[in-house]
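K.L.:
In this note's numbering, the protein residues as written are 61 to 590.
Have a look at this one before I ask anything.
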C-alpha cells in the first residue's frame with residue numbers, strides 16, 4: 061500500500077471542481093466554465109500518464125483506504141484501472157471540446173457542462189475502485205448523473221420515455237450489484253476488491269461466490285442493455301450528440317468492466333458464464349441484424365452498440381477477459397468518433413451521386429470469400445502460434461473472420477473493380493493480423509492481473525460450436541442479402557427487424573400498465589375534498 065497509488069483519485073476531483081465551477085457560470089455561453097472543464101479533462105489525462113509511471117515503478121496496489129470494515133474507500137492502481145482511467149479521460153476531453161461548440165447558444169449550456177463533468181468524474185471514480193463500497197457508489201452515481209443529461213430536453217416526450225425506462229432498468233441493476241457486494245463482503249470478510257479476487261483465485265467462497273457471480277452477471281446484463289432489456293439504449297436519441305457519444309462510448313461499457321474487474325469471482329461459476337455466452341451471443345446477432353434495417357444514422361449506431369455490448373458479454377462469458385477489455389477500448393474510440401462525426405457522414409453520403417454497393421457478390425463469390433478468409437485466418441494464426449491460444453480465443457477469431465469474409469466478398473464480385481479487390485484483401489490481411497497481435501498484446505499487458513482462460517468443458521465446447529455456426533450463417537446471409545433483398549418475404553422480415561421484433565413495444569406496454577396502475581392507486585389513496 062502506497063500513497064502514490066492514491067494518485068488516480070485526483071482525476072475525478074479535477075472534474076468535480078469543474079462541475080462545481082459550472083454551477084456559478086452563466087447558463088448561456090459559459091465560456092470560462094467550458095475552458096475549465098476542458099482543462100480538468102486534460103488534468104485527468106496527465107494524472108493517467110503519471111499513474112503509468114507509478115505503476116511501472118511500484119507495481120499494482122491499492123492506495124490508503126479510509127473507513128471502517130466494509131465501509132471503506134480506496135483507489136486501486138493496476139493495468140485494468142489504468143487502461144480505463146486513460147480511456148475515460150481521453151474520451152471525456154474529446155466530448156467536452158465537441159460539446160463546447162455543439163451547444164453554443166443553448167440556454168442551458170452551463171448546467172449541461174456541469175452535469176457532464178460530474179458524470180465523467182463518477183465514471184473515473186468507478187473504474188479505479190479498490191473497495192466494494194466505492195464501486196457501488198461510482199456505479200450508481202454515474203447512472204443518476206447520466207439521467208440528468210438524458211433529460212436535457214425535458215419537454216420532449218420521447219426523451220422522458222427513454223430516460224424513465226433506463227431509470228427502472230438501472231435501479232434493478234443497482235439492487236443486484238448491492239446484493240452482490242453484500243454477499244462478497246460478508247463471504248470474504250473484507251471490502252477490498254484485490255483481497256476478494258486473491259481469495260477467489262485460491263478457490264475460497266464456495267456456493268456464495270456462485271450466488272455473487274449470478275448477481276454480478278445480472279447487473280452487467282442490465283447495464284449493458286442486453287436482450288430483452290435493450291430498448292432504452294436505442295431510444296435515447298433525443299439528447300444532444302455529445303451525450304450519445306459519452307453514453308455509447310463510456311457509461312454503457314460499465315457492465316463489461318464489472319465482469320472484468322471481478323473475473324476471478326466469475327470463474328467460480330461456469331454455469332453463469334455459459335448464460336452470459338448465450339445472452340451475449342444472441343444479443344450480438346439480434347442487434348447486428350436490426351442495425352442493418354435502421355434508416356437513421358444515430359439509431360443505427362445505437363443498435364450497433366447493442367450488438368457490440370452483446371459481443372463483449374460473449375467474450376466475458378468465454379472467460380476471455382483481456383480481449384473483452386481490449387474490445388471496450390476499441391469500441392469506445394470507434395463509437396465516440398462515429399457519433400461525433402455522424403453529421404459529416406450524412407453530408408458525405410448525400411453528396412454521392414450514386415449511393416449503394418459498387419458490386420453485388422453472388423453465391424460463388426461469397427463461397428470463395430469465406431474460403432479465402434478462413435485461409436488467411438489459418439495462415440496468420442499459425443504465425444502467431446495456434447497451439448498457445450485457448451480454444452475460446454480461436455473460436456472468437458473464427459467469428460471475427462466471418463466479418464472479414466463479408467468484406468472480401470465485395471471485392472470478389474464479378475463486377476468489382478481491381479482497386480476494390482486489392483483494398484479488401486489488404487484490409488482482410490490487416491484485420492486478421494491485428495486480431496492476433498492485439499490479443500497477444502492484451503494478454504501480456506494483463507498477465508498476472510486478469511486470470512488465464514480455463515480449458516473449456518463439454519458445455520463450453522457446445523456453446524462455442526453453436527456460436528461459430530450461428531455467426532457464420534448470419535454472415536453468409538448478410539453477404540447474400542442484396543440478392544434477395546427485394547423478395548416479398550425479405551420485405552416482410554425487414555419490417556419486423558426495423559421494429560426490433562417488437563420486443564421493446566412489449567416493454568413499453570408493461571411500463572405503461574405499471575404507470576397506469578400506480579396512478580390509479582395514488583388517486584384512490586388521495587382523499588376527496590368537498
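Think of the CB as a built atom: it goes at the ideal place given N, C-alpha and C, for glycine as much as any other residue.
Bear in mind the structure is a predicted one, so any value in this text is a computation, not a measurement.
(1) Who are the near neighbours of residue 469 in its chain, counting only those whose CB is closer than 7 Å to its CB and skipping five residues on each side?
(2) Using only CA atoms, which one of 444, 542 and 483 lies nearest to residue 494?
(3) In this structure, how does DSSP classify residue 532 when only helix, strand and coil are distinguished?
(4) If I measure Cβ to Cβ from residue 496 and keep anything under 7 Å in the same chain, skipping five residues before and after, which residues do I get?
(5) Which ranges does the beta strand (DSSP E) cover as unbroken runs of at least 3 residues, wholly within the stretch 493-533, from first to last along the chain?
(6) Rank 302, 299, 322 and 312 by C-alpha distance to the C-alpha of residue 269 and give the top, closest one.
(7) For residue 180 and residue 105, I'd like the C-alpha separation in whole angstroms.
(8) Would residue 88 pass as a contact of residue 169 if the rule is Cβ separation under 8 Å?
(9) Does the distance from the CB of residue 188 to the CB of residue 135 come in under 8 Å?
(10) Please determine, among 191, 82 and 90, the residue with the shortest C-alpha to C-alpha distance to residue 128.
(11) List the whole-angstrom C-beta distance separating residue 35 from residue 299, where the pair is believed to meet the contact cut-off of C-beta under 8 Å.
(12) Under a three-way DSSP split, which group does residue 98 fall into?
(13) Got a sec: is the Cβ-Cβ distance from residue 367 to anything in chain C below 8 Å?
(14) Taking residue 130 and residue 245 to be in contact with their CB atoms under 8 Å, please state how far apart those CB atoms are, rounded to whole angstroms.
(15) Between residue 65 and residue 101, how many whole angstroms is the CB-CB distance? I'm expecting something under 8 Å.
(16) Alpha carbon to alpha carbon, how far is residue 359 from residue 79? Give it in angstroms, no decimals.
(17) Kindly list the residues whose CB is nearer than 6 Å to the CB of residue 74, restricted to its own chain and excluding five residues on each side of it in sequence; keep chain order.
(18) Report the three-state DSSP secondary structure of residue 423 (helix, strand or coil).
(19) DSSP state of residue 189, grouped into three classes?
(20) If you pair each beta-carbon of the stretch 308-317 with each one of the stretch 340-349, do three or more pairs fall below 8 Å?
(21) Are the stretch 232-245 and the stretch 264-284 touching, with three or more C-beta to C-beta distances below 8 Å?
(22) Ignore the nearest five residues each way along the sequence and tell me which others in residue 484's own chain have a CB closer than 7 Å to its CB.
(23) Got a sec? Which residues, its chain only, sit under 8 Å from residue 63 by beta carbon, not counting five neighbours each side?
(24) Please list, in chain order, all residues of the same chain as residue 158 whose beta carbon is under 7 Å from its beta carbon, the five residues on each side excluded.
(25) So what does DSSP say about residue 135, is it helix, strand or coil?
(26) Got a sec, what are the start and stop residues for the beta strand (DSSP E) residue 126 sits in?
(27) Assuming residue 527 and residue 455 make a contact with CB atoms under 8 Å, what is their CB distance in whole Å?
(28) Give the list of continuous beta strand (DSSP E) stretches no shorter than 3 residues that lie fully inside the stretch 285-338.
(29) Roughly how many angstroms lie between the CA atoms of residue 288 and residue 388, to the nearest whole one?
(30) For residue 588, which residues in the same chain have their Cβ closer than 7 Å to its Cβ, ignoring the five residues on either side in sequence?
(31) Within 10 Å of its beta-carbon, does residue 206 have 16 or more other beta-carbons around it, so buried, or fewer, so exposed?
(32) Can you name the start and end residues of the alpha helix (DSSP H) that residue 234 belongs to?
(33) What does the Cβ neighbour count give for residue 215, buried or exposed, with the cut at 16 atoms within 10 Å?
P.N.:
According to the data block:
(1) 421, 425, 426, 429 and 539
(2) 444
(3) helix
(4) 440, 441 and 444
(5) Counting only runs of 3 or more, we get nothing.
(6) 322
(7) 12 Å
(8) yes
(9) yes
(10) 191
(11) Beyond the ends of the chain as shown, which are 61 and 590, falls residue 35; an answer cannot be given.
(12) helix
(13) Although the question refers to chain C, the structure presented lacks it and comprises just one protein chain.
(14) 4 Å
(15) Not quite, the Cβ-Cβ distance comes to about 22 Å (not below 8 Å), so this is no contact.
(16) 30 Å
(17) 100, 103 and 104
(18) helix
(19) strand
(20) no
(21) Enough Cβ pairs lie closer than 8 Å, so yes.
(22) 467, 468, 470 and 471
(23) 123 and 124
(24) For residue 158, the CB contacts under 7 Å within the same chain, skipping 5 residues up- and downstream, are 302 and 400 in chain order.
(25) strand
(26) Secondary structure note for residue 126: its beta strand (DSSP E) is the uninterrupted segment 126-128.
(27) 7 Å
(28) Counting only runs of 3 or more, we get nothing.
(29) 21 Å
(30) Below a pLDDT of 50, predicted positions are generally treated as unreliable, and residue 588, at 39, falls in that range; the measurement from the model is reported next regardless. Hits under 7 Å: none found.
(31) The residue in question, residue 206, is buried, as its Cβ has 16 or more Cβ neighbours within 10 Å.
(32) 217-248
(33) exposed
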